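Presented below is the structure to which this report refers.
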Amino acid sequence: MPSVVDVLKATALPLLKQFGIDGESFELKVVRRGMPPGGGGEVFFSCPVRKVLKPIQLIDPGKIKRIRGMAYSVRVSPQMANRIVDSARSILNKFIPDIYIYTDHMKGINSGKSPGFGLSLVAETTNGTFLSAELASNPQGQGAAMLPEDLGRNCARLLLEEIYRGGCVDSTNQSLALLLMTLGQQDVSKVLLGPLSPYTIEFLRHLKSFFQIMFKIETKPCGEELKGGDKVLMTCVGIGFSNLSKTLK
């Protein structure tokens with residue numbers, strides 16, 4: 001399932017900032033929300049141009065300090081989003097008090113072409129790591145109907161699983177981090193990840209094919225310093241890719 005824009009905004013943008021992509025024109029916002037199968041959503045993305053990417057050293061994920069989320073609904077009752085929030089909090093409140101889940105109910109032309117609802121959750125750590133989970137209702141006419149209470153609880157459990165896997169980048173953005181490390185300056189970059197997803201494993205093969213780059217992969221078993229599941233330390237030297245059309249000031 002592709003990531004909803006709320007997750008990209010909360011996780012991918014902070015990751016890009018680690019590589020030096022930042023500025024006043026750096027933003028991602030929802031103009032219209034669309035749900036499958038009809039779609040109809042629209043987002044606005046603006047990103048500054050950079051000549052080079054900075055190397056990173058993300059090896060300490062920190063501890064969870066707060067959880068934020070967005071429950072959204074389109075072409076259904078606004079109460080759906082409120083029911084999602086209540087059910088998700090019923091699980092997450094057992095672990096941390098600092099939780100706030102916003103609701104977003106778009107109407108009319110901004111509500112896309114199909115009914116539906118969903119939830120995105122993001123846990124932020126003391127060191128600026130963002131771990132995410134997301135879940136949406138089945139498209140109209142496809143699969144069994146899902147109650148908003150079930151969706152909220154299931155998404156909360158997915159977030160807890162993601163926190164257990166841990167790392168400095170969540171499963172959704174593993175491949176993005178590795179791509180930016182590959183394209184970075186000819187310097188060492190390191191990132192601590194949770195277990196590699198099947199998508200990330202295949203993506204590493206593509207990086208080798210396209211850029212002839214190989215990562216050093218070290219398994220870090222869980223212990224006193226690393227809680228949760230086993231972690232993987234990924235290390236590489238960037239290829240030194242440069243945006244030739246951008247001059248340094």
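The opening position of the sequence shown corresponds to residue 1 in full-length UniProt numbering, with each subsequent residue numbered one higher. Built from N, CA and C at the ideal position, the CB exists for glycine as well. Nothing here was measured: the structure is a model prediction, and the numbers come from that model.
(request) For G180, write down the residues that DSSP places opposite it in a beta bridge. (result) Checking the sequence, you will find Leu at residue 180 rather than Gly. Note: L180 sits in no beta bridge, so no partner.
(request) In the DSSP assignment, find the unbroken beta strand (DSSP E) run with I109 in it and report its ends. (result) Going by DSSP, I109 is part of no beta strand (DSSP E) at all; its letter is neither H nor E.
(request) Would you please state the rounded distance, in angstroms, between the beta carbons of G184 and L53? I believe it to be under 8 Å. (result) 4 Å
(message) Please report the distance separating the alpha-carbon of V232 from that of Y164.
(response) 14 Å
(message) How far does the beta strand (DSSP E) with I64 in it extend, from its first residue to its last?
(response) 64-74
(message) Applying the 10 Å Cβ sphere with the 16-neighbour rule, what's the burial state of D170?
(response) buried
(message) What would DSSP say about S242, mapped onto helix, strand or coil?
(response) coil
(request) Can you tell me the Cβ-Cβ gap for A12 and L176, rounded? I've got them flagged as a contact below 8 Å. (result) 6 Å
(request) Decide if the stretch 123-136 is in contact with the stretch 53-64; the criterion is three or more beta carbon pairs, one per stretch, under 8 Å apart. (result) Short answer: they touch.
(message) Which same chain residues end up closer than 6 Å to Y102 when comparing Cβ atoms and leaving out the 5 residues on each side of it in sequence?
(response) M70
(request) Give the C-beta separation of S145 and N154 to the nearest angstrom, bearing in mind that I take them to be a contact with Cβ-Cβ under 8 Å. (result) The residue asked about is misnamed: residue 145 is Ala in this sequence, not Ser. With 8 Å as the limit, A145 and N154 do not qualify as a contact, their Cβ atoms being about 14 Å apart.
(request) Measure the CB-CB distance between P115 and R75 and report whether it falls below 8 Å. (result) yes
(message) Using a Cβ-Cβ cutoff of less than 6 Å, which residues in the same chain neighbour F45 once the five nearest sequence positions on both sides are dropped?
(response) L28
(message) Tell me which residue opens and which closes the beta strand (DSSP E) that I59 is part of.
(response) From DSSP, I59 is part of no beta strand (DSSP E); its letter is neither H nor E.
(request) Please go through the stretch 141-193 and give each complete beta strand (DSSP E) segment of 3 or more residues, from N-terminal end onward. (result) Entirely contained in the stretch 141-193, the beta strand (DSSP E) runs reaching 3 residues are, in chain order, 188-193.
(message) Could you pull the DSSP bridge partners for T219 from this structure?
(response) Paired residue(s): V232.
(message) At the level of alpha carbons, what is the spacing between C236 and G143?
(response) 43 Å
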